[in-house]
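Engineer:
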Amino acid sequence: MTTNKKPADKRRDQREVHWPGSDGLVWSAKQGKGFFSAPRTISLVATLIRLLSPRLDPSRVYIDLWSRNFDEGIVDVVHEQDMAAACGYMQGTRSVRTWRERVDALVKLGFIRIAPSGTRSHGHILLLHPDRVVATLRQKPGTSIPQSWLSLYDNRLRETGASPGVPFEDGAA
Numbered sequence: 000m001t002t003n004k005k006p007a008d009k010r011r012d013q014r015e016v017h018w019p020g021s022d023g024l025v026w027s028a029k030q031g032k033g034f035f036s037a038p039r040t041i042s043l044v045a046t047l048i049r050l051l052s053p054r055l056d057p058s059r060v061y062i063d064l065w066s067r068n069f070d071e072g073i074v075d076v077v078h079e080q081d082m083a084a085a086c087g088y089m090q091g092t093r094s095v096r097t098w099r100e101r102v103d104a105l106v107k108l109g110f111i112r113i114a115p116s117g118t119r120s121h122g123h124i125l126l127l128h129p130d131r132v133v134a135t136l137r138q139k140p141g142t143s144i145p146q147s148w149l150s151l152y153d154n155r156l157r158e159t160g161a162s163p164g165v166p167f168e169d170g171a172a
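With numbering that gives the first Met the number 0 applied, the sequence shown covers 0 to 172.
(1) Count the other CB atoms within 10 Å of the CB of Val-76; is the residue buried (16 or more) or exposed (fewer)?
(2) Where Arg-11 and Val-74 are concerned, what is the direct C-alpha to C-alpha distance, given to the nearest angstrom?
(3) Take the Cβ of Gly-117 as the centre, count every other Cβ of all protein chains shown within 10 Å, and call the residue buried at 16 or more, exposed below.
(4) Straight-line CA distance for Ile-48 to Ser-66?
(5) Going by other Cβ atoms of all chains shown within 10 Å of its Cβ, with 16 needed for buried, is Ser-143 buried or exposed?
(6) Relative to the alpha-carbon of Leu-156, which residue among Ile-41, Gly-87, Ile-62 has its alpha-carbon at the smallest distance?
(7) Report the rounded CA-to-CA distance for Pro-115 versus His-121, giving the unit in angstroms.
(8) Quick one: grab the DSSP three-state call for His-123.
(9) For Trp-98, which residues of its own chain have a beta-carbon under 8 Å away from its beta-carbon, when the five flanking residues on both sides are left out?
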């Protein structure tokens, strides 16, 4: 039996399969002030990611994932090679491994979560609300966010009328 669900409803259903009750964990254009199709702080968040993970610099992967989000906070990983190439990793057999390393770094930093699809470990990606991740990182012992970055970020929140994020209850960012 086929259903006539809208694509957005199908993506929400799929997200709920992997992350039940995750509606409040993802960013949505319908819920925020000071946003367009991505948070207006996205460039600053990408800079923070680069600062917190300078050896790998997963910021390009993060921006690419946001560009693939249709507002439900989930990205389906269908063609890893294409996603790797979109982020600049086009060199032979290492490209997918390099892309996965950056995805794993984003998981470790707390900006995304992943779920498998079949035999692929990186099958679906949940984009967590970046302002909530930043709020959680601010409270996380041992995380060194430069004061100059925090000042820029707080100013941008005020400029756009956005509220600072609420830290995740479990402290996992």
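We put the CB at the ideal spot given by N, CA and C, even for glycine.
Since the model is a prediction, treat every value here as computed from it, not as a measurement.
Structural biologist: On the basis of the supplied data:
(1) Reading the sequence shown from its first residue, position 77 is the one you call residue 76. With 16 or more other Cβ atoms within 10 Å, it is buried.
(2) In the sequence shown, the residue the question calls residue 11 occupies position 12. In the sequence shown, the residue the question calls residue 74 occupies position 75. So the alpha carbons of these two residues sit roughly 11 Å apart.
(3) For the purposes of this step, residue 117 is identified with residue 118 of the sequence shown, where counting begins at 1. Under a 10 Å Cβ-count criterion, Gly-117 is classified as exposed, with fewer than 16 other Cβ atoms of the shown protein chains found around its own Cβ.
(4) Within the sequence shown, the letter at position 49 stands for residue 48. Within the sequence shown, the letter at position 67 stands for residue 66. Ile-48 and Ser-66 have their alpha carbons spaced roughly 16 Å apart.
(5) Counting from one through the sequence shown, the residue named residue 143 turns up at place 144. Classification for Ser-143: exposed.
(6) By 1-based counting over the sequence shown, the position of residue 156 is 157. Looking at the Cα atoms, Ile-41 is the closest of the given residues.
(7) Position 116 of the sequence shown, counting from 1, holds the residue named residue 115. Position 122 of the sequence shown, counting from 1, holds the residue named residue 121. For Pro-115 and His-121, the distance between alpha carbons rounds to 5 Å.
(8) By 1-based counting over the sequence shown, the position of residue 123 is 124. Strand at His-123.
(9) Within the sequence shown, numbered from 1, the residue matching residue 98 stands at position 99. These residues qualify, in order along the chain: Val-60, Glu-79, Met-82, Ala-83, Cys-86, Tyr-88.
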